[in-house]
Every structure is written in structure tokens, then in C-alpha cells.
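One structure below.
Residue numbers (our numbering), protein chains in the order written: chain R, 1 to 223; chain L, 224 to 452.
Shown next as C-alpha cells:
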């Protein structure tokens, strides 16, 4: 019975499946700490570009809250990273989405300081046209820096538009839709913050717990 | 089969049977990632690693695996190695992984790899299969880099941007730029640019081969005449 060709073939195939899974599992085990650390560092770097690390004393990567406002923030689940110093709110970084880019969603980081002004905006991911719409990337152009220091009073809400629509923000030659989508998303995030900003920081600071986690992760990777 | 020389294997991989330019296999990653030279190089190296690993493994198990299940086994082997390479890149070349990430799993669908497993590694010994995998992989990488460099240069007026993602900060000096004023031809960066670029490369290769043939034809009768005299 066991000599039947199909049985042998099946057993062989199963054996290779086990070996293959073993290889993948081993690689996963060997790399997962490094990968988690990479992702943490990448996130920390982009957050620190908006909220300087010396202005906060908590671990902004793990001190977060999830909020939901499809209309203003672009998705049903928006992560907000909270920066605090001595348990006082310093900044909230929203992972807002501009839903109406030229080719789909534009994912943003919008940092709003405790006084309601913008610490800055960064584009995390987008599919805009290379050479036209991609000037929203900080590596390609300075345009995105225009938001720094702006707030709902500066300029007036009515002026929160690209120049072509009667606002104050530059559009790019050949690409108006992309900047328009971002300006709108940033304004909406500010509006959301105006209504809900204070309640964001009510959650208990997680700094202590986060520190232990990081320490554990470090010991593990040291092993 | 034992009469295949290593020189022939290398010539085949680089030119005569180049998987991208002659077999026209693996076009999906080829066309998708070649908007810069460094992207092409990154995917090329990843593909070469998988080429070599899969060829070695397939060659090692060629006498154990029964004929009727060889293809599923090859697919398993390749898929496992691709996943391992993907995880390793994520761990050690994180910045590059962020750019190439979604294309790495596509190496599984690169028919060139299963093609070499089936056509070569399953019939030859380990050393020859390794050389074959290496030659095919490097040949594929060269096409990726050449196409990437051409598209990057025409489209953006730069060469080797983001080299630091792969070789560290010291490699920033490698980056060559035509300067801010260079208005690139956007078409080259967009997907059609990949097809046009590949088409031109195919034409160039066929042209070179054609001329070599012509020269060979011209040379042969002369030699015969010489020997006759």
C-alpha cells in the first residue's frame, strides 16, 4: 500500500512543505525583532521631524489613541500619536488621509501643537504622478513646509485653499488637485482638533509601560 | 549534458539566453521597479539570491523528487526562499525594502526562476546549477540596472539617486544629477516608458547579434578560401 506511487509522491510533497515552512519560520524568528525595531525607528524619525524629541519626554510611538471621524480625518480609524512633557500635552500627530488625491488616497502625518497651530505636515504615502504631484514629498520640494505655524486663525478658514480657489496656498503648475486635497485634509484635521483636541490627551499616559517594553525589546535583540 | 562548459553557462546567462532580453521572462518585476537604477539593482540582487538558492536546492533534490510532483516542489522551494529573502531585506535593508517591498513577493511569479529550475537545475549537478543561477541572475540584474538607469536619466536627469539606501551614507557621492533645471521626459518614468525602454534594448541586442552573424558569415568563406589556397 505504501509503495503506491501517489502515496510516496504525497509524502515527499508534505516533507518539502514542512521544510519550506521551517525555513520561513526560522527566518521570521531571526528577523522579527530587527524588523519591529526598524519600523519603530522609522515611525519615530518621521514623528520627530514634526515634534522635536527635546520638546517631549514621553515615548510618542507607543503613547497613542485611536479616533474615528470618517468625514474629517478620511478613515474610520485614525491613529493619533500624543507628545507630552511632564504629562502636559505638547502635540498631537494625526495619521490623516486626504481621500481625494489625483490617484487615490494621500496618507499624511499632521502634527498639531497644543496651542492649535501646526507643527508641520508630512506625506507618508501617495500615488500621485511622478514629476508633477510628487512635489508634496519633503525630499522633492519645500512645498509641504508651508503648513508649519499655520492654524485655523492664520489664515482665515475661508483662505484655507489653494490660490486658484482663492486661498493662500501655492498649487503646482500642472497639478492642482494634489495640493487642493492636502490643504483640505489639513484644514479638516485642524477642525477636528478644535472640537476634540482636549479629550485626546485624557487617556492615561503610557510612558512607563512603553519604556519597559522598549527595554525588553532591547535585551531580546542583544541576545 | 556534461559537455556544457562554464564559459557557455556564463555567456548564456549574460547574453545568448538572457532571461529578460531573450527568454522575455520575469517582465512583471522588470517593468515595475526599473524607474531608477538603484531600484533595479536592489530587485536584481534579490532575484539573483533566489536564483542561486533555488537552483542549488532543486539540483540537490533532483534525484529524490518524483517527476509528477516536481513542479509543486519547485514552487514550494522558490516561495520559501523568496519569503526568507523578503524578511531578511526588511530586517537589514529597511529603507530599500520600503521602496521595493511590494515587488519582492513578485519574484515568486518570476517565471525565469522556475524556468531555470525545470530546464537546467533539475538535470545538472550542483556546481553547474549554481553557476547557471548566478549567471542568469546577474544577466537579469544587468538588464534591470541598464533599463532603470536609462529611465532615471531620461525622466529625472539623475543617476543612482538613493544609492545611500543600499550602500550607506558614503554612497551619496555616487548620485549624479543634471541639476535642478533639467526638465525630464516624464514618459520615461511612467509605465509606458518601461515598455518603450525594454523595446529599445531588445532592438539594440538583436541588432548587435545580427551584425555579429553577418560578420561571422563573411569571415567563414574567407577562411575557407585561405585554407584552400
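Virtual Cβ for every residue (Gly too), placed ideally from N, Cα, C.
- Secondary structure note for residue 81 of chain R: it is in no alpha helix (DSSP H), and the uninterrupted beta strand (DSSP E) holding it is 78–85.
- Assignment of alpha helix (DSSP H) within the stretch 39–111 of chain R, counting only whole runs of 4 or more residues, yields 70–73 in chain order.
- 288, 289, 291, 292, 295, 296, 299, 300, 302, 303: these are the residues of the stretch 288–303 of chain L whose beta carbon lies less than 8 Å from some beta carbon of chain R, given in chain order.
- Within the stretch 407–431 of chain L, the residues whose Cβ lies closer than 8 Å to any Cβ of chain R are, in chain order, 407, 409, 412, 413.
- In the three-state DSSP reduction, residue 289 of chain L falls in the coil class, being neither helix nor strand.
- With distances taken between CA atoms, residue 131 of chain R lies nearest to L:410 out of L:399, L:354, L:410, L:267.
- The Cβ atoms of residue 75 of chain R and residue 97 of chain R lie closer than 7 Å to each other.
- Residue 187 of chain R sits buried, since 16 or more C-beta atoms from the chains shown fall within 10 Å of its C-beta.
- Contacts with chain L (Cβ-Cβ distance below 9 Å) from the stretch 187–202 of chain R involve no residue at all.
- Between residue 307 of chain L and chain R, the shortest Cβ-Cβ separation is below 7 Å.
- In this structure, the CA atom of residue 58 of chain R is about 39 Å from the CA atom of residue 23 of chain R.
- One finds nothing in chain R with a Cβ atom closer than 9 Å to the Cβ of residue 326 of chain L; even the nearest lies about 15 Å away.
- Any Cβ of chain L closer than 7 Å to the Cβ of residue 82 of chain R would place that residue at the interface, and such an atom is absent.
- DSSP, reduced to helix, strand and coil, places residue 122 of chain R within a strand of the structure shown.
- Leaving aside the five residues that flank residue 254 of chain L on each side, the residues in its chain whose CB is nearer than 8 Å to its CB run, in chain order, 414, 417, 418, 421.
- Residue-level contact by beta carbon fails for residue 347 of chain L and chain R, as no gap is shorter than 7 Å.
- For the stretch 11–37 of chain R, the residues whose beta carbon sits under 7 Å from a beta carbon of chain L are, in order, 12, 13, 16, 17, 20, 23, 24, 27, 28, 31, 34, 35.
- Per DSSP, residue 297 of chain L has no beta-bridge partner at all.
- DSSP places residue 348 of chain L in the coil class of the three-state scheme, outside both helix and strand.
- For residue 376 of chain L, not one C-beta of chain R is nearer than 7 Å to its own C-beta.
- For residue 195 of chain R, the uninterrupted alpha helix (DSSP H) run begins and ends at 177–200, by DSSP.
- For the 7 Å CB-CB criterion, residue 352 of chain L and residue 278 of chain L form a contact.
- Per DSSP, the unbroken alpha helix (DSSP H) holding residue 252 of chain L starts and ends at 250–256.
- Under the DSSP assignment, residue 413 of chain L falls outside any alpha helix (DSSP H); it carries neither an H nor an E label.
- Around the beta-carbon of residue 287 of chain L, fewer than 16 other beta-carbon atoms lie within 10 Å, marking it exposed.
- Within chain L, no C-beta atom comes nearer than 8 Å to that of residue 133 of chain R; the closest sits roughly 11 Å away.
- Scanning chain L for C-beta atoms nearer than 8 Å to the C-beta of residue 8 of chain R yields 289, reported in chain order.
- If you check the CB distance, residue 93 of chain R and residue 113 of chain R do not come in under 7 Å.
- Interface with chain R (7 Å Cβ-Cβ cutoff): residue 317 of chain L is included.
- Within chain R, the residues 24, 27, 28, 30, 31, 32, 35 have their CB atoms less than 9 Å from the CB of residue 310 of chain L, given in chain order.
- For the 7 Å CB-CB criterion, residue 120 of chain R and residue 148 of chain R form a contact.
- At least one CB atom of chain R sits nearer than 7 Å to the CB of residue 314 of chain L.
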